[in-house]
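Participant: Residue numbers (the numbering used here): 64 to 538.
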């Protein structure tokens with residue numbers, strides 16, 4: 064394990080010095096200014112979702128930044144650093160030890176903290192191994208809004224120029240309507256035919272005629288006319304964001320930040336993670352999340368909404384009969400903590416579910432997650448949400464999910480009776496006592512409490528057996 068970082072106790076004098084620093088109310092910091100190697104010399108002017116470029120000149124260099132949170136909400140931090148290096152970050156309130164940290168070996172280093180109230184926060188960037196440049200993106204409740212559910216105030220400025228090579232297809236008004244959704248929500252769709260009723264009955268009443276952005280790395284702008292006709296938004300824009308550079312462009316950041324609905328189209332979730340993680344696009348989605356906007360996705364777009372994500376990344380996707388044979392197989396690849404949606408904490412999602420018989424691999428993922436110290440620590444019970452094609456689950460602001468569409472939604476959850484009889488590398492999985500709730504159109508499931516309109520049953524897998532499901536039909 065990495066040695067713990069010293070607990071910096073901040074003095075009253077240092078807080079006063081920080082308060083006396085020049086204000087930059089209208090200018091967002093985009094780069095580090097030395098010397099910022101202490102809390103009292105923290106660089107001010109950090110804006111929510113704005114990337115800040117910095118350099119750690121040597122092993123002992125540290126950089127400090129200050130920002131102000133306008134009210135209660137989620138602070139999300141992403142630190143991207145050079146390949147082969149290992150940089151960390153620590154989040155502080157004006158006094159006391161760090162309240163959050165990113166100290167793994169991942170790149171980017173991501174994490175979040177729930178701010179209980181308005182106030183000043185400080186981020187320290189340190190080099191655990193190596194030196195070089197980095198990009199720090201901090202998202203937080205900033206007040207004054209902008210689009211993306213941002214309180215009806217147009218604070219994001221005019222639409223930037225489209226960068227060379229970016230495919231951006233827009234229908235409707237090219238400006239920012241600056242409305243606030245009536246309440247936030249999350250739409251989980253299982254691929255195949257889209258569910259009209261979910262958009263007209265769940266999203267449209269909350270959208271308030273706002274702006275929609277569709278994100279993908281390949282494909283067409285087919286959602287533009289579809290959404291325009293179904294939900295009467297101010298605009299719909301499809302962005303083909305297929306490189307990190309495009310994901311870090313001012314245009315993409317603006318288009319996402321000013322949206323009231325962010326929709327992740329189907330495609331390749333590994334490509335989404337490779338091109339978007341740790342970028343201004345990711346930070347902009349988190350801005351929409353924090354501002355009370357609407358977020359959703361289908362197929363691969365559903366996958367990236369989970370807290371844990373199946374991430375095959377250029378290998379053939381695992382099928383159920385393979386997954387149950389070894390939790391550590393070469394295609395059992397999981398990643399975590401991308402968008403950090405509160406309703407999805409400790410959740411893995413699955414699409415095209417019954418159509419592609421994915422129950423076995425989903426149970427194998429759950430067994431693997433619960434046995435891996437690096438995945439979802441302290442987030443029991445593990446939950447899986449699996450959605451059939453032409454089906455959706457809309458999760459409201461209270462965490463209550465409601466089903467629309469022709470198929471079923473399956474909620475799988477561990478409880479005190481769940482047994483990991485055999486979950487070890489190189490051996491078939493024996494995993495039983497998982498609670499399965501099957502929901503059809505109109506059915507509900509309350510994610511915080513587990514209460515549902517449907518009854519549950521107990522299922523499991525035994526990879527030692529030719530018929531590995533228990534019972535034989537787990538659906």
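Glycine residues also receive a C-beta, built at the ideal position from the N, C-alpha and C atoms.
Could you tell me which residues DSSP puts in a beta bridge with residue 432?
Facilitator: Paired residues: none, contrary to the question.
Participant: Is the Cβ of residue 165 closer than 9 Å to any Cβ of chain B?
Facilitator: Looking at the structure shown, chain B is missing, and only one protein chain is on hand.
Participant: Between the Cα of residue 121 and the Cα atoms of 170, 160, 188 and 180, which residue gives the shortest distance?
Facilitator: Closest by alpha carbon: 188.
Participant: Quick test of the definition: if touching needs 3 or more C-beta pairs under 8 Å, does the stretch 343-350 touch the stretch 307-319?
Facilitator: Contact between the stretch 343-350 and the stretch 307-319 is present, because at least three Cβ pairs lie under 8 Å.
Participant: Give the secondary structure of residue 290 by DSSP, where H, G and I count as helix, E and B as strand, and everything else as coil.
Facilitator: Looking at residue 290 - three-state DSSP - the assignment turns out to be helix.
Participant: Can you say whether residue 164 is buried or exposed, counting buried as having 16 or more other CB atoms within 10 angstroms of its CB?
Facilitator: Classification for residue 164: buried.
Participant: Rounded to the nearest angstrom, what separates residue 169 and residue 253 at their Cα positions?
Facilitator: Rounded to whole angstroms, residue 169 to residue 253 spans 29 Å at the Cα level.
Participant: With a threshold of 6 Å on Cβ separation, who are the neighbours of residue 424 within its own chain once the five nearest residues in sequence on each side are excluded?
Facilitator: 381, 383 and 386.
Participant: Check the DSSP bridge columns for residue 449 and list the partner residues they point to.
Facilitator: 413 and 473.
Participant: From residue 363 to residue 158, what does the alpha carbon distance come to, in whole angstroms?
Facilitator: Distance between the alpha carbons of residue 363 and residue 158: 42 Å.
Participant: Taking the beta strand (DSSP E) that residue 116 belongs to, which residues open and close that run?
Facilitator: Here the beta strand (DSSP E) through residue 116 covers 114-119.
Participant: Check each candidate in 450, 461 and 478 and name the one with the smallest Cα separation from residue 256.
Facilitator: Out of 450, 461 and 478, 450 has the C-alpha closest to the C-alpha of residue 256.
Participant: What separation, rounded to the nearest whole angstrom, lies between the Cα atoms of residue 140 and residue 202?
Facilitator: Going by the C-alpha atoms only, they are around 6 Å apart.
Participant: From the DSSP secondary-structure annotation, give me the bridge partner or partners of residue 483.
Facilitator: Answer by DSSP bridge pairing, in chain order: 494.
Participant: What is the DSSP secondary structure of residue 300, reduced to helix, strand or coil?
Facilitator: In the structure shown, residue 300 sits in a strand (DSSP, three-state: E or B).
Participant: Suppose you measure from the CA of residue 293 to the CA of residue 524; what does that come to, to the nearest Å?
Facilitator: Between residue 293 and residue 524, the C-alpha separation is close to 42 Å.
Participant: Rounded to the nearest angstrom, what separates residue 66 and residue 391 at their Cα positions?
Facilitator: For residue 66, the predicted model reports a pLDDT of 35, less than 50, meaning its position is unreliable; a value from the coordinates is still stated below. Approximately 28 Å between the Cα atoms of the pair.
Participant: Exposed or buried, what is residue 518 when buried is set at 16 or more other beta-carbons lying within 10 Å of its beta-carbon?
Facilitator: Exposed, because fewer than 16 other Cβ atoms sit within 10 Å of the Cβ of residue 518.
Participant: Sorted by chain position, which residues of the same chain lie with C-beta nearer than 7 Å to residue 444's C-beta, five sequence neighbours on each side aside?
Facilitator: These residues qualify, in order along the chain: 476, 477 and 478.
Participant: How long is the line joining the alpha carbons of residue 148 and residue 468, rounded to whole angstroms?
Facilitator: Going from the Cα of residue 148 to the Cα of residue 468 covers about 47 Å.
Participant: Between the beta-carbon of residue 185 and the beta-carbon of residue 105, is there less than 9 Å?
Facilitator: A contact, by the Cβ cut-off of 9 Å.
Participant: Got a sec? Which residues, its chain only, sit under 6 Å from residue 195 by beta carbon, not counting five neighbours each side?
Facilitator: Within the same chain, residue 195 has close Cβ partners 145 and 148.
Participant: From residue 338 to residue 488, what does the alpha carbon distance come to, in whole angstroms?
Facilitator: Roughly 30 Å separates the two Cα atoms.
Participant: Determine the DSSP secondary structure at residue 242, reduced to helix, strand or coil.
Facilitator: The answer is coil: DSSP assigns residue 242 none of H, G, I, E or B.
Participant: When DSSP labels each residue in this structure, what does residue 382 get in the three-state scheme?
Facilitator: Residue 382 falls in the coil class under three-state DSSP.
Participant: If you reduce the DSSP assignment to three classes, tell me which class residue 109 lands in.
Facilitator: It is coil, neither helix nor strand.
Participant: Classify residue 207 as buried or exposed, calling it buried when 16 or more other Cβ atoms lie within 10 Å of its own Cβ.
Facilitator: Model confidence at residue 207 stands at a pLDDT of 44, short of 50, so the residue's coordinates are unreliable; what they give is reported in the following sentence. When all chains shown are included, residue 207 counts as exposed.
Participant: Which of the three DSSP states, helix, strand or coil, is assigned to residue 403?
Facilitator: Coil at residue 403, not helix or strand.
Participant: Assuming residue 397 and residue 431 make a contact with CB atoms under 8 Å, what is their CB distance in whole Å?
Facilitator: 7 Å between Cβ atoms; contact.
Participant: How many angstroms separate the CA atom of residue 219 from the CA atom of residue 332?
Facilitator: Between residue 219 and residue 332, the C-alpha separation is close to 29 Å.
Participant: Is it buried or exposed, residue 288, if we count other Cβ atoms within 10 angstroms and call 16 or more buried?
Facilitator: Looking at its Cβ environment, which holds fewer than 16 other Cβ atoms inside 10 Å, residue 288 is exposed.
Participant: Give the straight-line distance between the Cα atoms of residue 272 and residue 242, rounded to the nearest whole angstrom.
Facilitator: Each residue's alpha carbon lies about 8 Å from the other.
Participant: Could you spell out the range, first to last residue, of the alpha helix (DSSP H) harbouring residue 538?
Facilitator: Careful: residue 538 lies outside any alpha helix (DSSP H) and carries neither H nor E.
Participant: Drop a sphere of 10 angstroms on the beta-carbon of residue 221, count the other beta-carbons inside from all chains shown, and report buried for 16 or more, exposed for fewer.
Facilitator: Classification of residue 221: exposed, given that the 10 Å Cβ count is below 16.
Participant: Taking 9 Å as the threshold (C-beta atoms), are residue 312 and residue 223 in contact?
Facilitator: A contact, by the Cβ cut-off of 9 Å.
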